[in-house]
């Protein structure tokens with residue numbers, strides 16, 4: 001029996017200090033998720049780590065527990081880098097929840113808000129700094145913080161940081177932190193750029209993979225509707241009346257998100273929007289309102305939605321297909337979390353069949369396709385869909401969802 005096949009019982013036996021175990025128990029964390037079960041012992045031993053897992057799999061605890069423990073033992077500072085403000089806020093909240101009663105001090109450095117309270121936090125000598133790359137660089141350049149005490153560095157949602165153009169900022173930060181540090185990198189996918197960073201800035205990292213790169217969420221029922229641009233709103237209204245729970249809708253553009261949210265409000269559904277044209281306070285209100293039930297529907301763009309970690313989302317709707325197939329995996333990973341069942345529905349025009357096939361190749365799954373009226377599309381009668389469906393199933397069979405650990409060194 002391999003390590004990944006062992007039953008996930010409790011956090012005991014993972015090398016966690018008794019005080020932290022008591023805190024986890026008090027907070028109701030009884031059973032580690034697969035990524036926690038595999039990553040915590042590796043990280044607690046001080047090894048560099050690459051964790052491949054989708055959102056909603058418990059990655060934050062997987063690096064937070066070892067970080068709090070290592071910082072206490074080494075007297076060093078922890079640094080967590082994330083792509084979005086919302087995600088940074090959620091990670092800092094988790095760190096405070098776990099370590100606050102143990103005396104852990106944190107600072108959060110994000111854009112879109114006044115810099116002065118952040119400077120005050122830094123003067124209190126935090127044990128862990130949670131930051132977005134741009135704002136961290138601002139503080140370093142203004143000499144509010146020095147990174148020479150960083151002993152543990154976490155790059156969370158690393159693929160998204162690169163997608164958002166943060167590669168130059170990341171390289172600057174990596175040049176500032178001490179070489180004698182522990183680095184943990186977490187990502188849903190491993191594009192070539194991530195591999196380059198690992199080879200250049202990490203020390204023989206161990207790779208922990210609980211979902212193969214490109215694997216769609218395990219508990220999500222997926223389907224596609226072929227619908228014209230003009231027919232999308234009518235189909236959306238029908239689905240919102242059919243599904244009564246919380247709904248997350250993805251738009252390709254911020255202007256589209258605004259229009260969709262406006263249309264939903266005319267349908268008498270409470271809706272909020274999350275995109276770059278909204279201020280930080282508006283974005284936080286939308287996220288908090290969606291999480292607490294004030295808004296039943298949240299319409300978001302890919303970049304803004306990266307920080308969404310809301311439990312119990314019943315339905316994800318891709319009103320527009322994403323520009324990149326990998327974003328499909330990130331989107332639908334917002335539902336079906338923590339073992340719950342979820343639903344993901346995508347709208348595609350008949351001209352976007354090639355895009356559907358690209359997604360299927362990535363996730364190694366053939367998606368059910370329906371017409372706008374709900375009739376199942378017969379792939380055998382569609383030359384484009386017919387030519388690829390059997391190949392996708394045969395050549396890209398789903399791999400087991402269980403995790404595995406291996407060295408990241410290249411072979412050959």
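Numbering (full-length UniProt numbering), first residue to last: 1 to 412.
Using N, Cα and C, we set each Cβ at its ideal position, and we do this for glycine too.
Measuring alpha carbon to alpha carbon, tell me which of the options ends up nearest residue i.
i	options	result
residue 416	102, 303, 82	Missing from the structure shown is residue 416; the chain here goes from 1 to 412 and no further.
residue 88	378, 54, 134, 295	134
residue 291	332, 105, 273, 246	246
residue 287	132, 84, 168	84
residue 325	346, 336, 314	346
residue 270	348, 295, 229	295
residue 183	362, 371, 44	44
residue 202	181, 11, 316	181
residue 372	328, 14, 228	228
residue 237	221, 267, 223	267
residue 131	86, 289, 350	86
In angstroms with no decimal places, state the Cα-to-Cα distance between residue i and residue j.
i	j	result
residue 62	residue 129	17 Å
residue 360	residue 366	6 Å
residue 38	residue 110	30 Å
residue 148	residue 59	26 Å
residue 90	residue 98	13 Å
residue 353	residue 385	7 Å
residue 168	residue 276	21 Å
residue 254	residue 273	9 Å
residue 72	residue 146	19 Å
residue 18	residue 252	47 Å
residue 382	residue 188	33 Å
residue 265	residue 172	44 Å
residue 230	residue 54	33 Å
residue 107	residue 241	43 Å
residue 445	residue 378	Nothing can be reported for residue 445, as the shown portion of the chain is limited to 1 through 412.
residue 210	residue 244	31 Å
residue 260	residue 299	7 Å
residue 309	residue 31	19 Å
residue 389	residue 66	Unreliable positioning characterises residue 389 in this predicted model, as indicated by a pLDDT of 47, which lies under 50. The coordinate reading is nonetheless provided below. Computed Cα separation, rounded: 44 Å.
residue 293	residue 314	13 Å
residue 248	residue 282	17 Å
residue 177	residue 137	12 Å
residue 322	residue 119	38 Å
residue 22	residue 92	20 Å
According to DSSP, simplified to helix, strand and coil, what is residue i?
i	result
residue 470	This structure does not reach residue 470, given that the chain is present from 1 up to 412, and the question cannot be answered.
residue 266	helix
residue 221	strand
residue 290	helix
residue 331	helix
residue 389	Because residue 389 carries a pLDDT of 47, less than 50, the predicted location of this residue cannot be relied on, and the following value inherits that uncertainty. Correct three-state label for residue 389: helix.
residue 204	coil
residue 431	Because the chain in this structure spans residues 1 to 412, residue 431 falls outside the shown range and cannot be described.
residue 411	Its pLDDT being 31, under 50, residue 411 is placed unreliably by the model, and nothing is read from it.
residue 308	coil
residue 302	helix
residue 30	coil
residue 370	strand
residue 315	strand
Verify whether the separation of the beta carbon atoms of residue i and residue j is less than 8 Å.
i	j	result
residue 234	residue 191	no
residue 74	residue 165	no
residue 257	residue 301	yes
residue 20	residue 69	yes
residue 162	residue 81	no
residue 318	residue 337	no
residue 127	residue 104	yes
residue 219	residue 342	yes
residue 185	residue 200	no
residue 100	residue 208	no
residue 369	residue 239	no
residue 33	residue 57	yes
residue 335	residue 348	no
residue 46	residue 280	no
residue 204	residue 48	yes
residue 40	residue 15	yes
residue 250	residue 355	no
residue 363	residue 329	yes
residue 79	residue 174	no
residue 376	residue 206	no
Measure from the C-beta of residue i to each C-beta in chain B and report whether the shortest distance is under 8 Å.
i	result
residue 359	Of the chains in the structure shown, none is chain B; there is only one protein chain.
TODO: Jot down the residue ranges of each uninterrupted beta strand (DSSP E) in the segment 34-116, minimum 3 residues, whole runs only, in chain order.
DONE: 49-52, 77-81, 106-109
Item to complete: Can you check the segment 159-199 for any beta strand (DSSP E) of at least 3 residues that lies completely inside it and give the ranges in chain order?
Response: 182-187
>> What ranges does the beta strand (DSSP E) occupy inside the segment 225-283, keeping only unbroken runs of at least 3 residues that lie completely in it?
In response: 247-250, 271-274
Q. Which residue spans inside the segment 334-360 form an unbroken beta strand (DSSP E) run of at least 3?
A. 342-348
### Query
Along the chain, which unbroken stretches of the beta strand (DSSP E) at least 3 residues long are found entirely within the segment 115-155?
128-131, 150-155
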